[in-house]
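From first to last, the protein sequence lines stand for chains P and Y.
Sequential numbering from 1043 applies to the first sequence in the numbering used here.
Sequential numbering from 147 applies to the second sequence in the numbering used here.
In this text, a Cβ means the ideal position worked out from N, Cα and C, and glycines have one as well.
To start, the structure itself, in structure tokens.
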Amino acid sequence: MTNIADERQEQAGPRSVDLTGYVCPMTFVRFKLEIDKLAAGERLEIILKRGEQIQNVPRSIKAEGHQIESVKDENGTFRLVVRKGKQ
Amino acid sequence: MRLDRSDQTDRTDPSDPAICECCPKAQHMSVFDFTEDQIQRYSRHILLPEVDVHGQEKLLKASVLVIGAGGLGSAALLYLAAAGVGHIGVADRDCVELSNLQRQVLYSTRDVGRRKATAARRVLRSLNPDCRVTAYPGKLSAEKLTTVMRGYDLVLDCSDNFPTRFLVSDCAFFQHKPLVTAAVVRFDGQLMAVLPGDGNPCYRCFVPEPPPSTMTSCQQAGVLGAVPGVLGSLQAVETIKLIVGKGETMAHRLLLYDALSGTFRIVARKPNPHCPLCGSNPSITEPIEYKDKCCPGGQCFTDDECCADDECCS
């Protein structure tokens, strides 16, 4: 059951959270609250904007042991897929 | 030493994903929903990997009893409330005096004449409405203190006299409550944590019994106002560390602060095998109430004849 549930979640794609409306350091606080809801290995998509967010947040994400699987530039905003690391 | 009470949450709702036994991953989900105000208020804690969401949950679920709302207690109480400790008990039978305001930053001039415990409660609730604050403005005998202490996870000794200090540490010992204790006089301060469990030195390993009455106390000697602020803040730090379960405790160490030289020193502490409380042949089997007649207007939890000072409200 657990493997089937995992496969379905992978096929459905990660949940997407728009963080563009927040200002440092609340952007990363919001990310932490969202990633905390996941188990290790699960994925989360976040949307960041150009400037301070894309410059700072990915570094903090990696520093906390998570993996950034992909970054997609969409003309001013960035979609990042993050896989939660082991705690 | 961890005070993780999140596992003790009563999870009886089978639809709650946090208790879904068929999906072990769900056990990692937080069961605490922060409000928007809490996310803002505790954002700087949540940012710290050592605190994070789970550490903040632990703080909000923790209960801490603070004995003494004077110089040490002022700083400790403010920072514990700011940190979001869910339930704070404030025990002090004293009234605010003008001479207190040089260091007891919990109070303002308009509080002079008011009971410290109730004045503290008002300030702490104003600072953080998340905190439930229980005031104990009356005298606490050994029996009453034992009863009160049962309702808390952890105890802070912020008192200014030895009878209270020993009563608090004895009660905490017999109830297996972690204790963070500090003391200040003139420009000096000291702090330690006393944690239950074999191999941990207790308070009486350090001071077996109250020293002779010729010892100075804060009421008989001056104190630089900010010094209890430093030690009280450190008490709050050590308490928060115990609650979130991070960092090194002060269980086997004594911190000494000399404000004049601007130095901190750490001294190792070890259990005393001959300790009258926790030694191999203990002579003390219940909390002791020592009499102290030399505390006009002070926190005489044990002396029936206290508050001879006319300025102390009844």
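(message) Please report the straight-line C-alpha distance between P170 of chain Y and A1081 of chain P, rounded to a whole angstrom.
(response) Only weak support exists for where P170 of chain Y lies, its pLDDT of 42 falling under 50; the coordinates are left without a value.
(message) What does the alpha-carbon distance come out to for the pair V353 of chain Y and E289 of chain Y?
(response) Our two residues, V353 of chain Y and E289 of chain Y, have alpha carbons roughly 23 Å apart in a direct line.
(request) Rank Y:E182, Y:D198, Y:A405, Y:I430 by C-alpha distance to the C-alpha of D1078 of chain P and give the top, closest one. (result) The shortest C-alpha separation from D1078 of chain P is found at Y:D198.
(message) Residues in the same chain with beta-carbon distance under 7 Å from R1002 of chain P, minus the five sequence neighbours each way, listed in chain order, please.
(response) Here chain P has residues from 1043 to 1129 only, and residue 1002 of chain P is not among them.
(request) Just the chain Y side, please: which residues come within less than 8 Å of K1074 of chain P by C-beta, in chain order? (result) Under the 8 Å cutoff, chain Y gives I192, L193, D198, V199.
(request) Please check if any C-beta of chain Y sits within less than 9 Å of the C-beta of A1060 of chain P. (result) The sequence given here has Asp at residue 1060 of chain P, not Ala. No - not a single Cβ of chain Y is within 9 Å of the one on D1060 of chain P.
(message) By DSSP's criteria, E1087 of chain P is part of a beta bridge. Which residues make up the other side?
(response) DSSP lists P:S1058, P:V1123 as partners of E1087 of chain P.
(request) Would you list, in sequence order, the uninterrupted beta strand (DSSP E) runs of no fewer than 3 residues that lie entirely inside the segment 271-347 of chain Y? (result) Correct list: 278-282, 300-303, 325-331, 334-340.
(request) Answer yes or no: does any C-beta atom of chain Y fall closer than 9 Å to that of V1071 of chain P? (result) Cβ-Cβ to chain Y under 9 Å: yes for V1071 of chain P.
(message) Please tell me whether D1115 of chain P has its Cβ less than 9 Å away from any Cβ of chain Y.
(response) No - not a single Cβ of chain Y is within 9 Å of the one on D1115 of chain P.
(request) Go ahead and label L194 of chain Y buried or exposed: buried means 16 or more other beta carbons lie within 10 angstroms of its beta carbon, across all protein chains shown. (result) L194 of chain Y comes out exposed.
(request) Look at the Cβ atom of D211 of chain Y, then the Cβ atom of L252 of chain Y, and state whether they are nearer than 9 Å. (result) Reading the sequence as shown, one finds Leu at residue 211 of chain Y and not Asp. Cβ atoms of L211 of chain Y and L252 of chain Y: not closer than 9 Å.
(request) Taking H1067 of chain P as the query, report the chain Y residues whose CB atoms sit under 9 Å from its CB, ordered along the chain. (result) Looking at the sequence itself, residue 1067 of chain P is Pro, so the reference to His does not match. By Cβ distance, chain Y contributes S189, R190, L193.
(request) Quick one: using the 10 Å Cβ neighbour count with 16 as the cut-off for buried, is T327 of chain Y buried or exposed? (result) Counting every other CB atom within 10 Å of its CB across the protein chains shown gives T327 of chain Y a total of 16 or more, marking it as buried.
(message) Using the Cβ count rule (16 or more neighbours within 10 Å means buried), how would you classify G214 of chain Y?
(response) Counting Cβ neighbours within 10 Å, G214 of chain Y comes out buried, since at least 16 surround it.
(message) Cβ closer than 7 Å: which chain Y residues qualify as neighbours of E1106 of chain P?
(response) By Cβ distance, chain Y contributes P195.
(request) List the residues that DSSP assigns as beta-bridge partners of K1114 of chain P. (result) Per DSSP, P:R1121.
(message) Counting only beta-carbon separations shorter than 9 Å, does F308 of chain Y have a partner in chain P?
(response) It does not; no Cβ of chain P falls within 9 Å.
(message) Applying the 10 Å Cβ sphere with the 16-neighbour rule, what's the burial state of V269 of chain Y?
(response) Residue burial annotation: V269 of chain Y is buried, with at least 16 other C-beta atoms found within 10 angstroms of its C-beta.
(message) Just to confirm my understanding: we take P1095 of chain P, look at its own chain, exclude 5 residues before and 5 after, and list those with CB closer than 6 Å. What are they?
(response) Looking at the sequence provided, one finds Gln at residue 1095 of chain P rather than Pro. Excluding positions up to five away in sequence, the list reads T1069.
(message) So within the segment 199-241 of chain Y, which uninterrupted alpha helix (DSSP H) runs reach at least 4 residues, ignoring any that extend past its ends?
(response) Taking only runs of at least 4 residues, the alpha helix (DSSP H) segments lying wholly in the segment 199-241 of chain Y are 217-229.
(message) Would L1086 of chain P and I192 of chain Y qualify as a contact pair, given that the criterion is a beta-carbon distance under 9 Å?
(response) No, the pair does not count as a contact, with Cβ atoms beyond the cut-off.
(request) Please determine if the segment 261-278 of chain Y and the segment 313-322 of chain Y are in contact, where contact requires at least 3 C-beta pairs separated by less than 8 Å. (result) By the criterion of at least three beta-carbon pairs nearer than 8 Å, the segment 261-278 of chain Y is not in contact with the segment 313-322 of chain Y.
(request) Grab the span of the alpha helix (DSSP H) containing L370 of chain Y for me, first residue to last. (result) Taken as a continuous stretch (DSSP letters only), L370 of chain Y belongs to no alpha helix (DSSP H), as it is neither H nor E.
(message) Considering only their Cβ atoms, is the gap separating D306 of chain Y from I434 of chain Y smaller than 9 Å?
(response) The answer is no: Cβ separation not under 9 Å.
(request) Would you kindly check if the distance between the Cβ of Y349 of chain Y and the Cβ of R498 of chain Y is under 9 Å? (result) No answer is possible for residue 498 of chain Y: the residues shown for chain Y start at 147 and end at 460.
(request) Put Q1097 of chain P into one of helix, strand or coil per three-state DSSP. (result) The answer is helix: DSSP assigns Q1097 of chain P an H, G or I state.
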